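Residue numbers (the UniProt record's numbering): 1 to 583. Positions of the beta carbon are idealized from the N, C-alpha and C atoms, including for glycine. Just so you know, these numbers come straight off a predicted model, no measurement behind them. Here's the structure we're looking at; comments come further down.
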Amino acid sequence: MSVANRSRSTQLRRIVPGISVLRTYKREWFRHDLVAGLVLTTLLVPQGMAYAGLAGLPPETGLYTTAAALLAYALFGPSRILVVGPDSTLAPIVFATLVAVAGTGADPARAMALAGALAILMGLICIAAGFAKLGIVAELLSKPVRLGFLNGVALIIIAGQLPKLVGFASQSASVPRELWSFAKGLAAGDALLSTTVIGLASLAIIVGCRHWAPRVPGVALAVVGSIAAVGLLDLQRRGVVAVGTTPHGFPRLALPNVSTRDLGNLIVDATGLAFLALADTSPVSRALALKRGDHVDSSHEMVAIGASNIAAGLFHGFPVSGSASRTAVAETNGARTQLTGVIGSAAILAILVFANDLMSNLAIATLAAILISAAFVLADLPTLAWLAKVSRVELALSLVTTIGVAWLGPMRGLGVAVALSVIDFLRRAWRPHSAVLGRIINRKGYHDLARHPDAVLAPGLVLFRFDAPLFFANADHFAQEIRAAIDDRPEPIRWVVLAAEPITDIDTTAAEMLGSLLDELDSRSVTLVVAEMKGRVKDRLRLYGLADRIGEQSLYPTIGSAMKAYYHAVGLANPADDDAVGP
């Protein structure tokens with residue numbers, strides 16, 4: 001093979017990792033992948049149908065989506081066992097998007113076409129972002145804000161599924177209205193006893209198995225029990241609504257029949273879904289890679305999620321992302337490679353072709369129970385309680401995000417979440433920690449005076465540390481802190497030594513501030529020198545012309561050398577020779 005052909009082959013295997021897996025597949029893995037794939041199917045089928053309902057789509061679309069996405073990820077996915085498919089986080093956003101574009105009560109064919117187009121747009125955005133190496137966008141949601149978003153989505157799911165759990169319909173624009181409508185329905189006697197029993201029993205089985213018998217597939221047990229009860233007791237005659245027979249076979253590959261205006265209406269939500277899917281998938285994929293000693297590039301992961309969404313959209317599906325819960329099931333049951341997902345996909349196809357009436361007696365109340373139990377997992381109250389102990393500000397950010405999602409809906413709530421993450425970042429960088437440093441007798445280094453009030457300060461000198469990049473949001477604060485450090489000293493200050501090791505960047509606004517500060521200090525006969533500044537940041541000073549103003553000779557490599565220069569300049573003995581900086 002020529003060098004060029006070998007290079008093309010290597011690049012193809014990098015883009016399509018499934019080829020490499022096939023080339024290196026070991027026969028002894030197959031038994032593990034087969035068992036994991038079949039066990040996984042017992043979860044994929046009911047969850048896929050449930051999430052389709054949550055997205056406002058016919059149940060069978062969940063099966064189309066799952067099968068297509070699993071096959072695509074098996075080819076393009078960099079993670080060996082990550083399971084992709086419909087997701088409890090994305091489905092409410094898909095529903096809100098479809099309602100916004102098509103209105104409530106839209107024709108199912110129209111809704112399916114829009115959902116498919118949404119998945120394809122989302123996939124294209126993911127692929128473009130992946131090739132542009134924008135996998136870092138997954139980090140735009142801070143942990144407290146992401147926690148608040150997921151808690152808000154959990155509230156949306158629970159509020160929306162409670163009426164279905166007890167047998168009546170309710171559809172409102174926000175969680176408070178949904179809960180009020182549910183309460184009114186209960187008060188009016190709209191709940192059906194038989195449906196309520198099925199729904200609550202299903203929920204009890206799923207939650208009970210999760211807590212007391214985690215190796216027992218609670219979802220599969222609830223589904224089998226629901227199908228048996230509805231069929232044997234003829235509960236549909238008593239008002240229990242069931243899924244019904246799904247269409248026979250798998251849909252043909254086709255582009256969704258939507259207009260350019262529809263695409264324009266979907267693009268913003270598709271972008272938000274792409275961002276959220278990566279934020280959902282990337283941590284799971286990285287954790288799996290770390291556990292197995294592999295490396296997964298988040299940008300490559302973005303391309304794989306994009307391919308999975310395009311496949312889902314072309315087969316009448318809706319947006320997907322990585323699933324932590326289904327991946328855990330695959331891993332627990334011994335999955336070795338993405339063949340687990342291929343087997344799961346093949347099993348779903350077999351059900352659609354040979355047993356499309358298998359789920360016909362499955363009660364809608366059981367699907368509601370599956371979704372509510374998923375919402376219980378999605379919500380994270382222990383972490384919220386932990387935040388209350390360690391950071392009230394971050395707790396407030398999380399709660400505001402939850403309220404925003406629950407009140408405004410998931411898509412607008414996502415916007416609130418991103419905005420709050422940015423605000424949280426700016427808040428931290430706007431007023432970062434700073435310290436005046438001094439020496440402690442018989443202890444090496446320079447230490448924060450606020451933490452060590454007994455620290456000795458050099459006479460006539462302020463040793464000041466600023467623990468953040470200097471940029472527009474904190475430039476004035478930096479200058480104010482320098483002034484305060486000078487004014488707090490009873491004796492005249494001759495030098496200010498800036499311990500600049502924590503400063504990783506200086507923008508133009510901060511550069512302008514430094515120029516003004518140098519003028520102000522000159523007028524007060526105070527010399528500003530810099531110690532331990534990183535080379536890249538020194539280059540910025542030179543670019544701004546500030547290095548000449550400060551003096552290249554005043555850019556000291558260490559705090560110790562700056563202190564030595566000061567004591568020499570003022571004619572005092574230097575009490576220390578080391579450079580260590582303490583807390």
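- CA-to-CA, the gap between Ile156 and Val145 works out to about 17 Å.
- Contact between the region 263–272 and the region 114–127 is present: three or more C-beta pairs spanning the two stretches fall below 8 Å.
- Judged by their CB atoms, Leu82 and Gly18 are not nearer to each other than the 7 Å cut-off.
- Rounded to whole angstroms, the separation of the alpha carbons of Glu28 and Arg465 is 59 Å.
- For His447, the uninterrupted beta strand (DSSP E) segment begins and ends at 443–448.
- Judged by DSSP secondary structure, Arg146 falls outside any beta strand (DSSP E) and instead within the alpha helix (DSSP H) spanning 143–166.
- Val240 counts as buried, since at least 16 other C-beta atoms from the protein chains shown sit within 10 angstroms of its C-beta.
- Of all alpha-carbon atoms in Pro176, Ile403, Val230, the one lying nearest the alpha-carbon of Gly152 is that of Ile403.
- Rounded to whole angstroms, the gap between the alpha carbons of Asp454 and Ala565 is 24 Å.
- In this structure, DSSP gives Val436 an extended state, which the three-state scheme calls strand.
- Residue state for Val570 is assigned as helix, using DSSP reduced to three classes.
- Under the three-state reduction of DSSP output, Gly322 falls in the strand class.
- Take the alpha-carbon of His433 and the one of Ala274: they are about 35 Å apart.
- In the same chain as Gly225, and ignoring 5 residues on each side of it, no C-beta atom comes closer than 6 Å to its own.
- The beta-carbon distance between Ile503 and Pro469, rounded to whole angstroms, is 6 Å. This is short enough to meet the 8 Å contact definition.
- Using a Cβ distance threshold of 7 Å, Val84 and Ala106 do not count as a contacting pair.
- The beta carbons of Leu203 and Asp380 sit about 19 Å from each other, so the pair does not count as a contact at 8 Å.
- The beta carbon of Cys126 is closer than 6 Å to those of Ala274, Met302, Ile305, Gly306 in its chain, skipping five residues each way along the sequence.
- At the C-beta level, Asp33 and Arg336 come within 7 Å of one another.
- Between the C-alpha atoms of Leu233 and Leu358 there is a straight-line separation of about 17 Å.
- For the 7 Å CB-CB criterion, Val219 and Pro46 form a contact.
- Rounded to the nearest angstrom, the gap between the Cα atoms of Val258 and Val101 is 11 Å.
- Per DSSP, reduced to three states, the secondary structure at Tyr51 is helical.
- Only buried fits Lys164, as 16 or more other CB atoms lie within 10 angstroms of its CB.
- Cβ contact annotation for Gly244 (same chain, cutoff 6 Å, sequence separation greater than five): Ser360, in chain order.
- Looking at the backbone, the Cα of Cys209 and that of Val216 are separated by about 6 Å.
- If you compare the alpha carbons of Arg31, Ala435, Ala324, Leu38 with that of Leu349, the shortest gap goes to Leu38.
- Exclusion of the five residues before and after Glu501 leaves Glu532 as the residues of its chain whose Cβ lies within less than 6 Å of its Cβ.
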